[in-house]
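Written out below as structure tokens is the structure these notes cover.
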Amino acid sequence: MIEHVLMHTVLVHLDEPPALAAVGIGVHGPAGQVDEFLLPDLWQLHLYGYEADLTVNGTPHQIRPSRVSLVPPGTEVRYRYRGRSEHLYVHLRLSSAGTPRRVPVIQDAGPELALLTTQLRQALAVWPNMAARAAAEVWAALWRVAQLAPPTTRDTQGAHPAVAAAMALIETRLAEPLTVPEIAKAAGISHNHLTRLFRAATGETVVGYIRARRMERARHFLRATTLTIPAVAASVGIPDLQAFNKACRRELGAAPRTIRAAQITTDDARPAASQGLRQESINGLVKGHT
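Note that our numbering has the sequence shown beginning at 1143, numbered continuously upward.
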């Protein structure tokens, strides 16, 4: 007798885009009320519009309209239909790189249903002639699915929702004055609570995180753009040039002009063939994400 391990959640890696094998609309029921199968090497993503019974690795689940399921490779599934049943499906491969995220095998799409449906139908519309575009739509859909579960059922390694909300706010307002109390208010918790959660999640204070993100963005603008130094300073929320210069020296180890000059020197010293390969790679990435 085969003993199955209960399967209510799965670990997925979403740091890299999926490789799609098939996108389509599955029609079941007319040829039989029961299907049993597995995909040895492929994940299954399904978005349902009907009621049925689903067993995943021996674990029973209920299919309802607006529910979405994600089943890993090599997993036995058993569907019992109640008539003609159609669903959107994607068969795909996922990388094992990056941080694993725990996602329910099946869950309700709730208010995300319309956007999730649109993403998967857009993937279907361009598959297989624009495989990269289809993969981009499915990748976005997978991230949406990974965020459906309430905080209590999400991966415990993930950030607290209030910390995630604070980080998102910080990222969108790096060019503006920011205070911890207003960030905490936007995240729906107290100043002290956010401070404790933030340190537990990141190992640093909220103020330290803001400073680090501003300096990382400044480094990027100095190295990768021709924005003037005053414009870079303003774009990271430190419009006072003297303060910006001090911050760069303290956090990045050099003055803004030195950081920019060093990057120009490095680029000029790179062999022409190497620069060509770099540009070719960039062009490939751009084409793959249009």
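For each residue, glycine too, the CB sits at the ideal point set by N, CA and C.
How about residue i and residue j: are their beta carbons less than 7 Å apart?
i: Ile1221; j: Gly1171; result: The residue you asked about is not Ile; residue 1221 is Tyr in the sequence shown. Result no, Cβ atoms of Tyr1221 and Gly1171 do not sit closer than 7 Å.
i: Ala1251; j: Val1210; result: yes
i: His1219; j: Val1198; result: According to the sequence as given, residue 1219 is Val; it is not His. Yes; because the gap between Cβ atoms is below 7 Å, this pair is in contact.
i: Pro1398; j: Cys1390; result: yes
i: Met1357; j: Val1247; result: no
i: Tyr1231; j: Gly1168; result: yes
i: His1335; j: Val1322; result: no
i: Leu1394; j: Arg1355; result: no
Is residue i buried or exposed, if buried means 16 or more other CB atoms sit within 10 Å of its CB?
i: Arg1226; result: exposed
i: Thr1217; result: buried
i: Ala1366; result: exposed
i: Pro1160; result: buried
i: Ala1338; result: The sequence given here places Arg at residue 1338; Ala does not occur at that position. The residue in question, Arg1338, is exposed, as its Cβ has fewer than 16 Cβ neighbours within 10 Å.
i: Val1152; result: buried
i: Trp1285; result: exposed
i: Val1245; result: buried
Please list the terminal residues of the continuous beta strand (DSSP E) segment that includes residue i.
i: Ile1206; result: In the sequence as presented, Ile is not what sits at residue 1206; that position holds Arg. Here Arg1206 belongs to no beta strand (DSSP E), and DSSP marks it neither H nor E.
i: Glu1318; result: Neither: Glu1318 is in no beta strand (DSSP E) and is coded neither H nor E.
i: Val1152; result: Thr1151 to His1155
i: Thr1197; result: Ala1194 to Val1198
i: Pro1172; result: Looking at the DSSP string, Pro1172 is not in any beta strand (DSSP E), and its letter there is neither H nor E.
i: Arg1244; result: Pro1242 to Pro1246
In the DSSP assignment, what are the bridge partners of residue i?
i: Gly1252; result: None; Gly1252 has no bridge partner.
i: Ile1167; result: Leu1230
i: His1188; result: Ser1211 and Tyr1231
i: Phe1179; result: Val1219
i: Leu1257; result: The partner list for Leu1257 (beta bridge, DSSP) is empty, contrary to what the question assumes.
i: Ala1161; result: Arg1235
I think residue i touches residue j, with their Cβ atoms under 8 Å apart; what is that distance to the nearest whole Å?
i: Leu1187; j: Leu1156; result: Between Leu1156 and Leu1187 the Cβ distance is about 12 Å, and since that is not below 8 Å, they are no contact.
i: Ile1325; j: Ala1308; result: 5 Å
i: Leu1184; j: Arg1243; result: Contact flag wrong, Cβ pair sits at about 19 Å.
Quick one: give me the first and last residue of the alpha helix (DSSP H) that residue i is part of.
i: Thr1349; result: According to the sequence shown, residue 1349 is Val rather than Thr. Counting along the chain, the alpha helix (DSSP H) containing Val1349 begins and ends at Val1348 to Ala1366.
i: Ile1325; result: Val1322 to Ala1329
Determine whether the Cβ of residue i lies closer than 7 Å to any Cβ atom of chain D.
i: Arg1356; result: Judged by its chain identifiers, the structure shown contains no chain D, having just a single protein chain.
Can you tell me whether residue i sits near the ligand ATP, meaning its C-beta is under 6 Å from at least one heavy atom of the ligand?
i: Leu1266; result: What this structure holds is no ligand at all, so the ligand ATP is not there to describe.
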